[in-house]
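Enquirer: Mapped onto numbering that gives the first Met the number 0, the consecutive letters of the sequence shown carry residue numbers 0 to 347.
Glycine included, every Cβ here is placed at the ideal spot set by N, Cα and C.
Quick caveat: nothing in here was measured; it's all calculated off a predicted structure.
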Amino acid sequence: MTASAGTQPSSLSAVEPEPPAMAEGASKSGSVVRVAAWHDGQLTDTEGLPAVAEARAIPNALLWVDVADPDPPTVQEIARLLGLHPLIAEDIMEGNQRAKIEVTDELVHIVLFSLDVRHPRPCEIDIVLGSGFLLTVHEADWDPRNNPHLRTGIGPLLARGPDHLLWALVDQVIDGYFPVIDQLGDEIEDLEDRVVNSPTPETLERLFLLKRRLLEIRRATMPAREIFNQLTNRDLALISQEKVLYFRDVYDHLIRLTDELDTYRELVSGTLDIYLSTINNNLSLIMKRLTGVTVILAGIGALAGIFGMSEAGTALGGKEAPGFWLITTLTVALAVGAWAFLRRISWI
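1) Can you tell me whether E123 is buried or exposed, with buried defined as 16 or more other CB within 10 angstroms of its CB?
2) Just to confirm before moving on: does the CB-CB distance between A60 and H38 stay below 8 Å?
3) Mapping the DSSP letters down to three states, classify D104 as helix, strand or coil.
4) Roughly how many angstroms separate the alpha carbons of N281 and A223, rounded to a whole number?
5) Drop a sphere of 10 angstroms on the beta-carbon of G300, count the other beta-carbons inside from all chains shown, and report buried for 16 or more, exposed for fewer.
6) Are there 16 or more other CB atoms within 10 angstroms of the CB of A139, so buried, or fewer, so exposed?
7) Compare the C-alpha of L106 against each of S130, D125, R212 and name the closest.
8) Looking at C-alpha atoms only, which residue of S345, L203, L165 is the closest neighbour of G269?
9) Once the 5 residues before and after A25 are set aside, which same chain residues still bring their CB inside 6 Å of it?
10) Below 8 Å between beta carbons: does that hold for W63 and I153?
11) For V249 and V169, which I take to be in contact (beta-carbon distance under 8 Å), what is that distance rounded to the nearest angstrom?
12) Which of the three DSSP states, helix, strand or coil, is assigned to R33?
13) Name the residue from P198, G82, E191 whose alpha carbon lies nearest to the alpha carbon of L134.
14) Out of curiosity, what's the CA-to-CA distance linking E259 and F340?
15) So which of E76, D174, K287 has the shortest CA-CA distance to T220?
16) Just verifying my parser: in three-state terms, what is the DSSP assignment at W63?
17) Report yes if the C-beta distance between P69 and V136 is below 8 Å; otherwise report no.
18) In chain order, what residues of the same chain have a beta carbon less than 7 Å from the beta carbon of V51, not counting five sequence neighbours either side?
19) Can you give me the Cβ contacts of A158 inside the same chain, cut-off strictly under 6 Å, excluding the 5 residues immediately before and after it?
20) Three-state secondary structure (DSSP) at H252?
21) Quick one: Cα of G166 to Cα of G160, how far?
22) Drop a sphere of 10 angstroms on the beta-carbon of T328, count the other beta-carbons inside from all chains shown, and report buried for 16 or more, exposed for fewer.
23) Is the distance from the Cβ of F227 to the Cβ of F207 below 8 Å?
24) Expressed to the nearest angstrom, what Euclidean distance is found between the alpha-carbon atoms of W324 and T330?
25) Would you tell me roughly how many angstroms separate the C-alpha atoms of L128 and S197, rounded to the nearest one?
26) Just reading off the alpha helix (DSSP H) that H417 is part of, what are its end residues?
27) CB I87 to CB Q229, shorter than 8 Å?
28) Assuming R264 and L183 form a contact by the criterion Cβ under 8 Å, report the distance between their Cβ atoms to the nearest whole angstrom.
29) Do you know how far the Cα of R205 is from the Cα of I285?
30) What residues are listed by DSSP as bridge partners for P125?
31) Only counting the same chain, and skipping five residues up and downstream in sequence, which positions put a Cβ closer than 7 Å to that of P155?
32) Flag this pair as yes or no: are the beta carbons of K242 and H148 separated by less than 8 Å?
33) Could you name the residues that DSSP lists as bridge partners for K287?
34) What are the start and end residues of the beta strand (DSSP E) that includes D44?
35) Could you tell me the distance, in whole angstroms, from the CA atom of D90 to the CA atom of T73?
36) Where does S239 land, buried or exposed, given buried means 16+ other C-beta within 10 angstroms?
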C-alpha cells in the first residue's frame with residue numbers, strides 16, 4: 000500500500016480487502032443480462048453480456064435476451080449486437096416513456112407498465128421483437144421468469160417463435176392488473192360504508208388517494224389498447240396469423256380491465272359526492288340546532304328587554320317582586336314552549 004504524504008510506510012502493509020464477487024449474469028455496471036437460446040431442439044440458458052454475442056452467432060437460433068436494471072453502456076452494446084434502431088435504443092436508455100408501440104420494417108418496439116399489489120409504482124417494460132429474437136428491458140421489480148406460462152420451461156414457448164414468447168409476457172402483464180384493480184375495488188366498498196356511517200377527513204384523504212391511483216392505472220392501460228389493437232388488426236411480418244388470436248384474447252382482457260376502471264372511477268366520484276352531501280347535511284343539522292337555540296334565547300332576551308329586568312336584584316326585595324316572578328315564569332314557559340315546538344319539527 001502506498002504511504003500518504005508526510006507519513007512513513009508501515010513495516011507491515013495492510014491487507015486490501017477483496018472486492019465483492021459480482022453476481023452471476025451482472026455486468027460491470029450492475030445490469031443483469033440473461034440469455035436463452037433455442038437451437039436444434041435444445042435450450043441454452045446463460046447469463047452475462049458476452050452470452051448475447053455468443054448466442055447471436057449461433058445460426059438460426061431463437062433468442063430471448065432479458066436485461067434487468069439497465070444502464071446505458073449495456074443497452075448500447077446489446078442494441079449493437081441485435082441491430083436495434085438508434086432511436087429505439089435511446090428510448091430504452093431514457094425510460095419514462097408512455098405505453099406505446101413503434102413498428103419498423105424489422106422491429107416492433109412495445110412499452111408497457113406492470114402493476115403489482117406489493118409495488119405501488121408502475122414498472123416500465125421495454126420489449127423489442129425482431130427477426131429471431133425477443134429483447135426485454137425492465138427494472139428488477141418485475142421478473143419475467145416468474146410467469147405462469149413459463150412453468151413448463153422457456154424452451155417450449157421459444158420453440159414456437161419469439162412472437163409466442165411475446166404473447167406469454169404481455170399476457171402476464173395485463174393479467175397482473177386484475178389483482179390490483181380488485182384490491183382497489185374492495186377498498187372502495189369499505190370507504191363507501193365509512194362515508195355513510197362516520198365520514199372523517201381521513202376518509203376523504205383515502206378517497207383522493209384512490210382517485211389518483213385509478214388515474215395512474217388508467218394512464219398505463221388506455222394507451223395499451225392501441226398497442227393490442229395494432230397487434231391484432233395490423234399485418235405485421237414478425238407476428239404470425241396464428242399468434243394474432245392470442246393477442247386478441249389479451250386485447251379482450253384489456254377492454255374488460257378498462258371497463259372495470261371506468262366503473263371504479265365512477266364509484267369513487269359517487270362516494271366523494273356522498274361524502275360531501277353527508278358533510279353538508281351534518282352542517283345543516285348543526286345550523287338548525289344553533290338556530291333553535293337562538294330562537295329560545297331571543298324570546299328570553301326580548302322579555303327581559305321589554306320589562307327592564309336589568310334591576311332584578313332590586314325587584315326581588317321591592318314592590319315589583321310579583322311582577323318579577325311573573326316575568327320569570329313567562330320566560331321559562333316561553334323557553335320550554337319554544338323548545339317543545341322546535342323539538343316537534345325536528346330542529347333540535
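Expert: For this structure:
1) Here residue 123 refers to the residue found at position 124 of the sequence shown. Looking at its Cβ environment, which holds 16 or more other Cβ atoms inside 10 Å, E123 is buried.
2) Counting from one through the sequence shown, the residue named residue 60 turns up at place 61. Counting from one through the sequence shown, the residue named residue 38 turns up at place 39. Against a cut-off of 8 Å, the Cβ pair of H38 and A60 comes out as a contact.
3) For the purposes of this step, residue 104 is identified with residue 105 of the sequence shown, where counting begins at 1. The three-state secondary structure of D104, taken from DSSP, is coil.
4) Residue mapping note: residue 281 aligns to position 282 of the sequence shown, counting from 1. Residue mapping note: residue 223 aligns to position 224 of the sequence shown, counting from 1. Cα-Cα distance, rounded: 44 Å.
5) Mapped onto the sequence shown, residue 300 falls at position 301. G300 should be labelled exposed.
6) Here residue 139 is taken as the residue at index 140 of the sequence shown, counted from 1. By the beta-carbon neighbour count (other beta carbons within 10 angstroms, threshold 16), A139 is exposed.
7) On the sequence shown, position 107 is the one that residue 106 refers to. Residue S130 is the option with its Cα nearest to L106.
8) For this step, residue 269 is matched to residue 270 along the sequence shown. Residue L203 is the option with its Cα nearest to G269.
9) In the sequence shown, the residue the question calls residue 25 occupies position 26. Here the model assigns A25 a pLDDT of 48, short of 50, so the residue's position is not dependable, and the following value carries that caveat. Here the set comprises V31.
10) Your numbering for residue 63 matches position 64 in the sequence shown. Your numbering for residue 153 matches position 154 in the sequence shown. Yes. Within cutoff.
11) Counting from one through the sequence shown, the residue named residue 249 turns up at place 250. Counting from one through the sequence shown, the residue named residue 169 turns up at place 170. Indeed, because the Cβ distance is near 6 Å, the residues count as touching under 8 Å.
12) Position 34 of the sequence shown holds residue 33. R33: strand per DSSP, three-state reduction.
13) One-based indexing of the sequence shown puts residue 134 at position 135. Ranking the options by Cα distance to L134, first place goes to G82.
14) Residue numbering aside, residue 259 sits at position 260 when the sequence shown is read from its first letter. Residue numbering aside, residue 340 sits at position 341 when the sequence shown is read from its first letter. So the alpha carbons of these two residues sit roughly 51 Å apart.
15) Within the sequence shown, residue 220 is the residue found at index 221, counting from 1. Nearest Cα to T220 within the set E76, D174, K287: D174.
16) Taking the first residue of the sequence shown as position 1, residue 63 is located at position 64. In this structure, W63 counts as strand in the three-state DSSP scheme.
17) Locating residue 69 in the sequence shown gives position 70, counting from the first residue. Locating residue 136 in the sequence shown gives position 137, counting from the first residue. Going by C-beta atoms, P69 is nearer than 8 Å to V136.
18) Here residue 51 is taken as the residue at index 52 of the sequence shown, counted from 1. Result list for V51: V32, V34, V64, I77, L80, in chain order.
19) Locating residue 158 in the sequence shown gives position 159, counting from the first residue. So the qualifying residues of the chain are W37.
20) Taking the first residue of the sequence shown as 1, we reach residue 252 at position 253. Here H252 sits in helix by DSSP.
21) Position 167 of the sequence shown, counting from 1, holds the residue named residue 166. Position 161 of the sequence shown, counting from 1, holds the residue named residue 160. First, the residue type needs correcting, since residue 166 is Trp and not Gly in the sequence shown. In a straight line, the C-alpha of W166 is about 10 Å away from that of G160.
22) By one-based count along the sequence shown, residue 328 stands at place 329. Exposed, since its Cβ has fewer than 16 Cβ neighbours within 10 Å.
23) Numbered from 1 along the sequence shown, position 228 holds the residue referred to as residue 227. Numbered from 1 along the sequence shown, position 208 holds the residue referred to as residue 207. Their beta carbons are not under 8 Å apart, which means F227 does not touch F207 by this criterion.
24) Taking the first residue of the sequence shown as position 1, residue 324 is located at position 325. Taking the first residue of the sequence shown as position 1, residue 330 is located at position 331. In this structure, the CA atom of W324 is about 10 Å from the CA atom of T330.
25) Mapped onto the sequence shown, residue 128 falls at position 129. Mapped onto the sequence shown, residue 197 falls at position 198. Between the C-alpha atoms of L128 and S197 there is a straight-line separation of about 53 Å.
26) This structure cannot speak to residue 417, because the chain is shown only from 0 to 347.
27) For the purposes of this step, residue 87 is taken as residue 88 along the sequence shown, with counting starting at 1. For the purposes of this step, residue 229 is taken as residue 230 along the sequence shown, with counting starting at 1. One thing to note: I87 has its Cβ no nearer than 8 Å to the Cβ of Q229.
28) Walking along the sequence shown from the start, residue 264 turns up at place 265. Walking along the sequence shown from the start, residue 183 turns up at place 184. The Cβ separation is near 10 Å, so there is no contact.
29) Your numbering for residue 285 matches position 286 in the sequence shown. Your numbering for residue 205 matches position 206 in the sequence shown. Approximately 26 Å between the Cα atoms of the pair.
30) Stepping through the sequence shown from its first residue, residue 125 is reached at position 126. Before going on, a small fix: residue 125 reads as Asp here, not Pro. Its beta-bridge partners are V110, V136.
31) Locating residue 155 in the sequence shown gives position 156, counting from the first residue. Excluding residues within five positions, none has a Cβ falling inside 7 Å.
32) Locating residue 242 in the sequence shown gives position 243, where the first residue counts as 1. Locating residue 148 in the sequence shown gives position 149, where the first residue counts as 1. Going by C-beta atoms, K242 is not nearer than 8 Å to H148.
33) As a first step, residue 287 must be located in the sequence shown, where it is residue number 288. BP columns for K287 are empty, so no partner.
34) Here residue 44 refers to the residue found at position 45 of the sequence shown. Residues 41-46.
35) Taking the first residue of the sequence shown as position 1, residue 90 is located at position 91. Taking the first residue of the sequence shown as position 1, residue 73 is located at position 74. Spanning the two alpha carbons is a distance of roughly 14 Å.
36) Your numbering for residue 239 matches position 240 in the sequence shown. When all chains shown are included, S239 counts as exposed.
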